[in-house]
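**Q**
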Amino acid sequence: MTELPDVGTLLQRMGEDLIALLDREQRTDPAVVGIHTGGAWIAEQLRDRFLPDSPLGSLDIAFYRDDFSQIGLQPGVRPSELPFSVEGRHLVLVDDVLMTGRTIRAALNELFDYGRPASVTLVTLVDLESRELPIRADILGVSLALPRGQRIKLTGPEPLRLTLNPIAES
Numbered sequence: 001m002t003e004l005p006d007v008g009t010l011l012q013r014m015g016e017d018l019i020a021l022l023d024r025e026q027r028t029d030p031a032v033v034g035i036h037t038g039g040a041w042i043a044e045q046l047r048d049r050f051l052p053d054s055p056l057g058s059l060d061i062a063f064y065r066d067d068f069s070q071i072g073l074q075p076g077v078r079p080s081e082l083p084f085s086v087e088g089r090h091l092v093l094v095d096d097v098l099m100t101g102r103t104i105r106a107a108l109n110e111l112f113d114y115g116r117p118a119s120v121t122l123v124t125l126v127d128l129e130s131r132e133l134p135i136r137a138d139i140l141g142v143s144l145a146l147p148r149g150q151r152i153k154l155t156g157p158e159p160l161r162l163t164l165n166p167i168a169e170s
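In full-length UniProt numbering, the protein residues as written are 1 to 170.
Listed below in structure tokens is the structure:
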């Protein structure tokens, strides 16, 4: 069985790395945006612990997915909430698991519908290195290779925990 890392430990290191990157790149007054659902949980914790003065928003990218016409509207779709202007702002985009890159592509498409940010820093808890699009995280918690037939899921919001689950066979 694959040993899964502690989310709290990963968040501490990610937050420290994020502060260092924002300082190094002189990205002042960032807004933090989490992708529903797990990315929003992580974004809130990172913002609360490391960027308490930054506004917090969330995206539900359901309508921006490139497979929307095939899978249709999924239950539990929420409106995106960006209570700040995206135009010219430094954004910290947060997701829980980076795999193919398609979720991030959809999130970027949605963000650009709100305006043109000055920059987007991508933060992700887990990278499964199964890319279909050329997207990589600027701040990363951990890279994992999963056993065949397994998937990883972030559960939460309290406590945040990574779980390994079998993929349902069709």
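Just so you know, even glycine gets a beta-carbon here, dropped at the ideal spot from N, CA and C. As the structure is a computational prediction, the values presented were derived from the model and not from experiment.
Distance, Cα to Cα, Pro83 vs Arg131?
**A** Cα-Cα distance, rounded: 31 Å.
**Q** Tell me the DSSP bridge mates of Pro166?
**A** Gln150, per the DSSP bridge assignment.
**Q** Which partner residues of Glu81 appear in the DSSP bridge assignment?
**A** Bridge partners of Glu81: Ser58.
**Q** Decide yes or no for the touch test of the stretch 85-103 against the stretch 24-39: beta carbon pairs closer than 8 Å, at least 3 of them.
**A** Touching, yes.
**Q** Sorted by chain position, which residues of the same chain lie with C-beta nearer than 6 Å to Gly156's C-beta, five sequence neighbours on each side aside?
**A** Answer for Gly156: Trp41, listed in chain order.
**Q** Specify whether the stretch 125-143 and the stretch 96-116 touch according to this definition: at least 3 beta carbon pairs, one from each stretch, less than 8 Å apart.
**A** The stretch 125-143, when compared against the stretch 96-116, does touch it at the 8 Å Cβ threshold.
**Q** Which value, in whole angstroms, describes the spacing of the CA atoms of Phe68 and Ala62?
**A** Confidence is the limiting factor: at Phe68 the pLDDT is only 47, short of 50, which leaves the residue's position unreliable and the question unanswerable from this model.
**Q** Just how far apart, CA to CA, sit Leu111 and Thr121?
**A** The alpha-carbon atoms of Leu111 and Thr121 are separated by roughly 13 Å.
**Q** What first and last residue would you give for the alpha helix (DSSP H) that runs through Ile135?
**A** It is not in any alpha helix (DSSP H) - Ile135 carries neither H nor E in the DSSP assignment.
**Q** Using the beta-carbon count (16 or more within 10 Å), is Leu144 buried or exposed?
**A** Counting Cβ neighbours within 10 Å, Leu144 comes out buried, since at least 16 surround it.
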